[in-house]
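J.: Just dropping this structure here.
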Amino acid sequence: MKHDHAWKATEVAGISAALLKWYDANRRCLPWRGDSLPYLVRVHERDAGYNAPNVVTPYATWVSEIMCQQTRVDTVVTYYTKWMDTFPTIQSLANADPDQVNAVWAGLGCVLHEHGLNLDIDPPCRYYRRARMLHQGAQFVMEKFNGDMPRDVDSLKTIPGIGPYTAGRLVACIHW
1 MKHDHAWKAT EVAGISAALL KWYDANRRCL PWRGDSLPYL VRVHERDAGY
51 NAPNVVTPYA TWVSEIMCQQ TRVDTVVTYY TKWMDTFPTI QSLANADPDQ
101 VNAVWAGLGC VLHEHGLNLD IDPPCRYYRR ARMLHQGAQF VMEKFNGDMP
151 RDVDSLKTIP GIGPYTAGRL VACIHW
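No gaps in the numbering here: position 100 of the sequence shown is 100 in full-length UniProt numbering, and each next residue is one more.
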């Protein structure tokens, strides 16, 4: 018996609408989505009439995407807010001292720990790969793109630390 598993356009539209409606009611509130405190609660748990300020930048999305790699979102929120308080713009990050960048990142993830190497070294980790790539990427964006994040996948992939997945996420998530 042959089965036709193709979805009709009306079925796809219905499923899409239902998923988006569910997401709007159940998504977690996160700072990189433009939400204000409290974070990590579901939208339907907020006070009635709550509206997100919708201040979302390509830089903020980039930082959140890198921080969320191999790290739980509930852990990232604290580090993200500290990072954005310290480096609110690409320019502020690009101009930062590498030691300052590492100090703000400290505790979020170390390449040694990410690979299961819990070595007894002092300081505990000097090599925060993701922080270093964000820092180098910000310097690259300042130098090559005048501080403006490019809007296409190919240009985004030229930035140190941004590969195909992150470039695709940035293009998909940002309403330029």
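A virtual CB, placed ideally from N, CA and C, is assigned to each residue, including glycine.
Have a look at R151 and R28 and give me their C-alpha separation to the nearest angstrom.
T.: As a working mapping, residue 151 is identified with position 151 in the sequence shown. As a working mapping, residue 28 is identified with position 28 in the sequence shown. For R151 and R28, the distance between alpha carbons rounds to 26 Å.
J.: Taking C-beta to C-beta, are G34 and V63 nearer than 8 Å?
T.: For the purposes of this step, residue 34 is taken as the residue at position 34 of the sequence shown. For the purposes of this step, residue 63 is taken as the residue at position 63 of the sequence shown. No, the Cβ-Cβ distance between G34 and V63 is not below 8 Å.
J.: Taking contact to mean at least 3 C-beta pairs separated by less than 8 Å, is the region 73-93 in contact with the region 129-147?
T.: Yes: the two stretches touch, three or more of their Cβ pairs being nearer than 8 Å.
J.: Between D130 and E65, is the Cβ-Cβ spacing less than 8 Å?
T.: On the sequence shown, position 130 is the one that residue 130 refers to. On the sequence shown, position 65 is the one that residue 65 refers to. According to the sequence as given, residue 130 is Arg; it is not Asp. No, these two residues do not count as a Cβ contact at 8 Å.
J.: Report the rounded CA-to-CA distance for Y79 versus V104, giving the unit in angstroms.
T.: Locating residue 79 in the sequence shown gives position 79, counting from the first residue. Locating residue 104 in the sequence shown gives position 104, counting from the first residue. Cα to Cα, the separation comes out at about 8 Å.
J.: Could you tell me whether the Cβ of T81 comes closer than 8 Å to any Cβ of chain B?
T.: Structure shown: chain B not included; a single protein chain is present.
J.: Taking Cβ positions, are residue 182 and V141 nearer each other than 8 Å?
T.: A query on residue 182 cannot be resolved here, the shown segment of the chain reaching from 1 to 176 and no further.
J.: Check R72 in the structure and name its three-state DSSP category.
T.: On the sequence shown, position 72 is the one that residue 72 refers to. In the structure shown, R72 sits in coil (DSSP, three-state: anything other than H, G, I, E or B).
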